[in-house]
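Residue numbers for the sequence shown follow UniProt numbering, so the first one is 1 and each next one is one higher.
In this text, a Cβ means the ideal position worked out from N, Cα and C, and glycines have one as well.
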Amino acid sequence: MKKFIVVLLSVSMMTMCLFGCGAKEESAATPEASEESAATSADEKDSVETMKITVSIASFDNTFASFTMSRMKLFNEEHPELEITYLDAANDAATQVTQIEQAVINGTQAVICLAVDAKQTQPIISACHDANVPLIAFNRVFEGCDTFVGANNADAGRLVAERVGELLNGSGKIALVQGIMGQANTYERTDAITATLKEKYPDIEIVLDGAADWKRDKALELVETWLQSGTEFDAIIALNDDAGLGCQQALAADGKESIPVISINGDPSGINGVNDGILDSTAFQAPFTQADAALEIAMDYIQGGTPTDVFKVDYELITKDNVADYMQFTSLEK
């Protein structure tokens, strides 16, 4: 059912991949249920050298990021030797650069970066490499990282385009709800959708197209506007689950919940959406596997290992026919 593939590539070939300061800061701490557990935790940290890891997130206000951070915090509970700091760039590339530069100055031993903009990461790369700090690109690839952990956005676009082609029997009109314009996850998924439709389903037309910035409320407002315009469409593709759920909320309020919504990510809200019949389908990219792998690779670097250059997970389409196989991934627990 799940196929997680580790692909060995040299860093020099990363350009060939098609994947895709007042901000908040959090420090992960292991809960202490009692004095006894606290003492045990202290003993463990005394016996194992603390490893300092910085996790820089494009925006905490993002469902995918929120779920993966929660998973990382659970991982941290199982590895008390980790001292993890979470940084919120609030979707500002300059803020992300400043935060990571400061983290390097403060002595972080590894950086995991979910980039705001892959095209503006050179200062981050320089700061890390000048200090010999390993840099792990998380979910959004950028040239110059030491390891990329994530999936190929083009695969996601192809899967959802093929799904809509199947649902509409190769002919119809669709609406496309994008993420933040200019971000790799947006344009790589969109390009693959349009290319697949052009190649395989030339009679399917994208008649409405707009950005919801990965947000449920903005997707709801966008679809409400489309419905009021009177433009007819037969299905919606949303580039993430949260936006997809907002789309379906707008459709239901207008009595058009029968219009299928196909989304991407396969985070717990998306899987539950398919299971509950709210979403037609979602392209699953194993967010918890990505979170675990990023931390494991960071630990390996700190301990002097030579991790893989690329840890890739394959997208898989979740529909009502196979959603039962994925319900286990709606819980943070392993």
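query = Can you tell which of Ala219, Gly266 and Gly182 has the C-alpha that lies nearest to the C-alpha of residue 338?
reply = Outside the modelled stretch of the chain, which goes from 1 to 334, sits residue 338, for which no answer is possible.
query = Around the C-beta of Ala324, are 16 or more other C-beta atoms found within 10 angstroms, so that it is buried, or is it exposed?
reply = exposed
Under the three-state DSSP convention, the category Gln178 falls into = strand
task = Could you check if Lys215 is buried or exposed, using at least 16 other CB atoms within 10 Å of its CB as the buried criterion?
result = buried
query = With a CB to CB cut of under 7 Å and the five nearest residues on each side skipped, what residues in its chain are close to Phe142?
reply = Ala115, Ala118 and Thr121
request  = Check each candidate in Ser70, Leu82 and Val133 and name the one with the smallest Cα separation from Glu101.
outcome  = Val133
query = Can you tell me whether Asp59 is buried or exposed, with buried defined as 16 or more other CB within 10 angstroms of its CB?
reply = Before going on, a small fix: residue 59 reads as Ser here, not Asp. By the 10 Å Cβ count, Ser59 comes out buried.
task = Mind checking which residues open and close the alpha helix (DSSP H) that includes Ala253?
result = Asp241 to Ala253
ask   = Do Ser258 and Leu279 have their CB atoms nearer than 7 Å?
value = no
query = Do Asp234 and Gly277 have their C-beta atoms within less than 7 Å of each other?
reply = no
inquiry  = According to DSSP, simplified to helix, strand and coil, what is Lys312?
reply    = strand
key: the stretch 222 to 239 / the stretch 287 to 294 touching (three or more Cβ pairs under 8 Å)   = no
inquiry  = Applying the 10 Å Cβ sphere with the 16-neighbour rule, what's the burial state of Gln303?
reply    = exposed
inquiry  = Considering only their Cβ atoms, is the gap separating Leu332 from Arg163 smaller than 7 Å?
reply    = no
query = Which residue from Thr231, Leu227 and Thr85 puts its Cα closest to that of Glu205?
reply = Thr231
task = Please report how far the alpha carbon of Val207 lies from the alpha carbon of Val177, in whole angstroms.
result = 11 Å
task = Compute the Euclidean distance between the alpha carbons of Ser269 and Asn275, then round it to the nearest angstrom.
result = 10 Å
ask   = When we look at the beta-carbon of Glu78 and count the other beta-carbons within 10 Å, is it buried (16 or more) or exposed?
value = exposed
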